Amino acid sequence: MTHIKTLSATNDCVIRFANVNGSGSASANNLFSKAVFRLGVPVSAKNIFPSNIQGLPTWFEVRVNEHGYLGRRGGYDFMVAVNGQTMHKDYQELLPGGYFFYDSSKRLPDSYDRSDIHLIGVPLTDITNSHYSDPRQRQIFKNIIYVGALAYLLDMDFSVFEDSIKTMFAKKTKLIAPNIQALRLGFDYAEEHHRDVCQLNIHRRDLNGDQILMEGNAAAGLGAVYAGATVAGWYPITPLTSVIEAFERYCRAYRVDQKSGRHKFAILQAEDELAAIGMVIGASWNGARAFTATSGPGVSLMSEFLGLAYFAEIPVMLMDIQRTGPSTGMPTRTQQSDLISAAYASHGDTKHVLLFPSNPKECFEMTVTGFDLADRLQTPVILMSDLDLGMNVHQCDPIEWDDNRVYDRGKVLDEQQLNDLSERWGRYLDVDGDGIPYRTIPGTHPEKGAFFTRGSSHDEYAAYTEDGMAYARGMTRLLVKWDTAKTLVPAAEIDSAKADIGVIYYGTSAYSAQEALDQLRRHHSIDAMRIKAFPFGEEVAAFIEQHSIIFLIEQNRDAQMKTLLVNELTIDPNIIISVLNIDGMPITAEFLVTEIQYHLDQLAVHNPDNQQSTGGAA
Amino acid sequence: MTYVRPNFRHPESHRNAAGYSIKQYEGALSTLCAGCGHDSISAAIIKSCFDLNLAPHKIAKISGIGCSSKTPTYFLGKAHGFNSVHGRMPSVTTGANMANKDLLYLGVSGDGDSASIGLGQFAHVIRRQLNMVYIVMNNGCYGLTKGQDSATADQGSAGKRGVASVFDSIDLCQMALQLGAGLVARCFSGDKKQLIPIIKAAIKQRGFAFIDVISPCVTFNNTPTSTKGYEWVRDHLEASGTIDFIPDKTEITVDYPPGSSRAVTLHDGSQLHLQKNAQDYDLASRKAAMNRIETVKEKHKILTGLIYHNPDATDTHEKIQTVDTALNALSQDQLCPGSEVLAELNAQLR
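Protein chains in written order, with the numbering used here: chain A, 1 to 618; chain B, 1 to 350.
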């Protein structure tokens, strides 16, 4: 018998759960990942789910890493294979030296013949059947039993699980004992039969401080509450639904009038995305803060209205929780592929402000900022989140709010200001050079400030015109406003040591990019920039100009951010090497390191002496 | 159309009880074709708002795209207007209404706007019973693109292009009834005696009020072969009788001989008096209203007048239980939960 490699690590592993959708595995898997978090060890969990309610395969990938790397690493060390449909594939995907955990109530078929992994059989079905008679209970507790077994195998403090169960069922206390019993069944079986088999451990640390675990969508919904949004129109589509659910949940917690029980919010499920954004435009025009959330297909449908809001200059807050396109694409997989369709949504010359959050806290903050920007700039602002950020729980710093923060409602004239005007007011007249005119809200003043909002060409006084010069003046002024936007949007985050090589990334690529950079920087000097918004501030062009090679990390096929950069800035496109992931899964650090290292080897940048022998052409 | 409208108004010209002169309800000069039915509807809107003593700036007039949707420029110049996107007036009005329940929402649309591209939004704004007046200026054709049939063009009807429509028409009143509108009426732009009281009733109605106004297109659809032309419509009207609108708390100056009329009381106490021949069916019955439309249709006639009225109609805000204060008037203090609750919220996320 040959010696089998054994993966061995403390607080550094990737565990993949292979489950059947709708089998109740999600809460068991969350129980596990939350236990890691509560042990003070950084954790990230990704739900890889089908477009299905029941029956299709679903995976849950938990990365445990005490260095705080929260992106996908690549590779699986420990497979919890409890889905017969995918079991063989799951078996094949396990890393050599890894651990294959399976339900040993049935013998593994002969085709499971790898000799480089460790088998851990726990007869989940037999244990469940001998302890529970109700079929539903059997299914639920079978999941809890494997969590209990993991607690033993990974040497985790059992009390953390007990405490989690107690918190989880604080309102249904009679469920506490049977759940703990199920955990114990798994734990005891593993202890008896698999002592000292698994060399992966998760031990208590105090690395998480005051951090929280939150989904980006929940944070964005909460952000909308804090930003003072009162009107939401929306149409169901994966993966945005939980934004609205969170908005409603937090509104019901914080926005119900104590006396009357009535709501300080209006949420309407629209007939389609067109109506959803129409409602937002109507409400914003009428002085409320309003928003909608959607995904790529919705952005396509909203395009006509986005053009109206751009041209008629109406604030719009839109959240695009991107998924894999085109068309229906892979609706439950992630991507960053709506940049171009969102940035230039609608016919004619249009451009929209985009914000790129990288974690839930930023989803919250950029939502609040987005409302301020939309009001200040009187234009659509689109929060470019994605399925990974929106629907997965991410570890991040706690949500904060400064009570001194005052909403920026932008240039809105009230009754008194209208009375005090000494010159003729023009809705589309730029009086102070920032490209942003003053607006009025319907019903403000009996005599002054009324105007006609239209998507047809208009002059400075909102009158319909077919005078090409008046039209051109308006369109040119919108570019002045665009320049103003560049000074107001969140600046890119730059980490520079004046190296030759630069890496650019944005959104959820940040997790893996930071990890990849740490690895690459052991051998190379590399600067980094995280883009947070479109239009680009001056710092973005400056960063690119300061480097001879730029690696641009994106999660789409067509290098959409590169297109925006090349289109909007005067930069040399030839220095940009795109590093693109399009498989619908969150980009991994392993992929980034491999790709970038490959290019660096090709370019021999890391060792100029070799440049001649290896050639320098990309 | 008139190219010059005299600005002069007699200094002692009539002002309404709110102190506004009729001029304060007027808008810019119409650019529609001379004789367009839509201009008559604009005039009826102006007169209705004047008579009801409405503050012009407390009205929001919202439209889609098309000839009809241009008209809000031609009335209520002191009101904010919004000429939105083709077929999407209902959603913009919905958002506006959600933001501020205290304005009067006057939605203007056309048959192309409502019966074709915007049929979905038409249906859903009714289903939600948005508190608004929805007027369709219905001429059976696409005027701005030079006279193509719309979805309300009757089968067999031919406009200036001379080709009869081969498809059945959509009856927006029937749809509105089916979808739950609180008030449904059909009028003819050429009959302002009927149109004005109905617009007033629609304004006073709580929830959704729908008026389909047949409004001939003089340029493209006023041929003898068209069922939306002046001649054909005049010859085929079956009016449900004269209607008077009586505002609440106003002395009733008209004598109604006993049994000659009956009153429909609106949400705010104002009344509609319908003359006798309108009495023969239950106005609050959707079934009766449907029957009546169909019965008149079988005679190749057009039923006009108040077709349906639900005295107990509610509206979207009531259904979703918003506070009495307009949402756009709530301050940051009333909306932002502040930092205090975040400690607990963050703790729940650990």
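All C-beta atoms in this analysis are idealised placements derived from N, C-alpha and C, irrespective of residue type, glycine included.
As the structure is a prediction and not an experimental result, all values here were calculated from the model.
Grab the span of the alpha helix (DSSP H) containing residue i for me, first residue to last.
{"i": "Pro-310/A", "result": "Strictly speaking, residue 310/A in this sequence is Tyr, with Pro absent from that position. It spans 296–312 - the alpha helix (DSSP H) in which Tyr-310/A sits, taken as one unbroken run."}
{"i": "Ala-283/A", "result": "273–285"}
{"i": "Trp-232/B", "result": "230–236"}
{"i": "Ala-149/A", "result": "135–153"}
{"i": "Glu-493/A", "result": "Segment 493–495 is the beta strand (DSSP E) holding Glu-493/A; no alpha helix (DSSP H) there."}
{"i": "Arg-249/A", "result": "241–254"}
{"i": "Glu-93/A", "result": "87–93"}
Alpha carbon to alpha carbon, how far is residue j from residue i? Give it in angstroms, no decimals.
{"i": "Ile-144/A", "j": "Arg-521/A", "result": "42 Å"}
{"i": "Ile-320/B", "j": "Ile-441/A", "result": "24 Å"}
{"i": "Leu-488/A", "j": "Lys-361/A", "result": "20 Å"}
{"i": "Lys-204/B", "j": "Asn-310/B", "result": "12 Å"}
{"i": "Phe-543/A", "j": "Ile-504/A", "result": "9 Å"}
{"i": "Asp-320/A", "j": "Thr-294/A", "result": "5 Å"}
{"i": "Ala-219/A", "j": "Tyr-250/A", "result": "10 Å"}
{"i": "Gln-417/A", "j": "Gln-378/A", "result": "19 Å"}
{"i": "Ser-226/B", "j": "Thr-145/B", "result": "18 Å"}
{"i": "Arg-195/A", "j": "Gly-296/A", "result": "50 Å"}
{"i": "Thr-563/A", "j": "Ile-550/A", "result": "14 Å"}
{"i": "Arg-138/A", "j": "Gln-335/A", "result": "37 Å"}
{"i": "Arg-286/B", "j": "Thr-314/B", "result": "16 Å"}
{"i": "Gly-24/A", "j": "Asp-77/A", "result": "24 Å"}
{"i": "Leu-183/A", "j": "Ile-120/A", "result": "17 Å"}
{"i": "Val-184/B", "j": "Ile-211/B", "result": "6 Å"}
{"i": "Leu-413/A", "j": "Gly-443/A", "result": "12 Å"}
{"i": "Ile-252/B", "j": "Leu-104/B", "result": "For Ile-252/B, the predicted model reports a pLDDT of 49, less than 50, meaning its position is unreliable and no value from the coordinates is stated."}
For residue i, which option in the options has the closest C-alpha, if you only look at C-alpha atoms?
{"i": "Cys-173/B", "options": "Val-166/B, Ala-181/B, Leu-130/B", "result": "Ala-181/B"}
{"i": "Phe-534/A", "options": "Ala-343/A, Arg-136/A, Arg-424/A", "result": "Ala-343/A"}
{"i": "Arg-114/A", "options": "Glu-365/A, Asp-90/A, Ile-212/A", "result": "Asp-90/A"}
{"i": "Thr-304/B", "options": "Ala-34/B, Arg-292/B, Asp-315/B, Thr-314/B", "result": "Arg-292/B"}
{"i": "Cys-336/B", "options": "His-524/A, Ala-229/A, Asn-217/A, Ile-180/A", "result": "Ala-229/A"}
{"i": "Cys-363/A", "options": "Glu-273/A, Leu-383/A, Ser-346/A, Gln-335/A", "result": "Leu-383/A"}
{"i": "Met-475/A", "options": "Glu-313/A, Asp-338/A, Gln-54/A", "result": "Glu-313/A"}
{"i": "Arg-206/B", "options": "Gln-129/B, Ala-115/B, Ser-215/B", "result": "Gln-129/B"}
{"i": "Val-43/A", "options": "Pro-315/A, Lys-486/A, Asp-206/A", "result": "Asp-206/A"}
{"i": "Ile-196/B", "options": "Asn-16/B, Ile-46/B, Ser-165/B", "result": "Ile-46/B"}
{"i": "Met-585/A", "options": "Tyr-407/A, Arg-323/A, Arg-439/A, Thr-453/A", "result": "Arg-323/A"}
{"i": "Arg-454/A", "options": "Cys-49/B, Thr-242/B, Val-92/B, Met-290/B", "result": "Val-92/B"}
Pop quiz: residue i and residue j are said to be a contact at Cβ under 8 Å. What is the actual Cβ separation, rounded to whole angstroms?
{"i": "Phe-60/A", "j": "Phe-17/A", "result": "4 Å"}
{"i": "Ile-244/A", "j": "Ala-227/A", "result": "Wrong, their Cβ atoms sit about 15 Å apart, outside the cutoff."}
{"i": "Ala-589/A", "j": "Ala-516/A", "result": "5 Å"}
{"i": "Leu-7/A", "j": "Gly-68/A", "result": "Not a contact, Cβ separation roughly 21 Å."}
{"i": "Glu-643/A", "j": "His-124/B", "result": "With chain A covering only 1 through 618, there is no way to say anything about residue 643/A."}
{"i": "Gly-156/B", "j": "Phe-220/B", "result": "Not confirmed; about 17 Å, so no contact."}
In this structure, how does DSSP classify residue i when only helix, strand and coil are distinguished?
{"i": "Met-317/A", "result": "strand"}
{"i": "Thr-219/B", "result": "coil"}
{"i": "Val-381/A", "result": "strand"}
{"i": "Asn-19/A", "result": "strand"}
{"i": "Phe-49/A", "result": "coil"}
{"i": "Gly-443/A", "result": "coil"}
{"i": "Pro-437/A", "result": "coil"}
{"i": "Ile-252/B", "result": "Because Ile-252/B sits at a pLDDT of 49, beneath the cut-off of 50, its placement in the model cannot be relied upon, and the following sentence gives the value as read from the coordinates. Note: Ile-252/B maps to coil in three-state DSSP."}
{"i": "Ala-533/A", "result": "strand"}
{"i": "Trp-234/A", "result": "strand"}
{"i": "Thr-71/B", "result": "helix"}
{"i": "Asn-581/A", "result": "coil"}
{"i": "Thr-594/A", "result": "helix"}
{"i": "Val-197/A", "result": "coil"}
{"i": "Thr-588/A", "result": "strand"}
{"i": "Phe-161/A", "result": "helix"}
Could you tell me the boundaries of the beta strand (DSSP E) in which residue i lies?
{"i": "Gln-628/A", "result": "The structure shown does not extend to residue 628/A, since chain A spans only 1 to 618, so no value can be given for it."}
{"i": "Lys-61/B", "result": "59–63"}
{"i": "Phe-356/A", "result": "Phe-356/A -> no beta strand (DSSP E), and no H or E assigned at all."}
{"i": "Ser-8/A", "result": "8–10"}
### Query
What residues from the stretch 87–105 of chain B come within 9 Å of chain D, judged by C-beta to C-beta, listed N to C?
Looking at the structure shown, chain D is missing, and the protein chains on hand are A and B.
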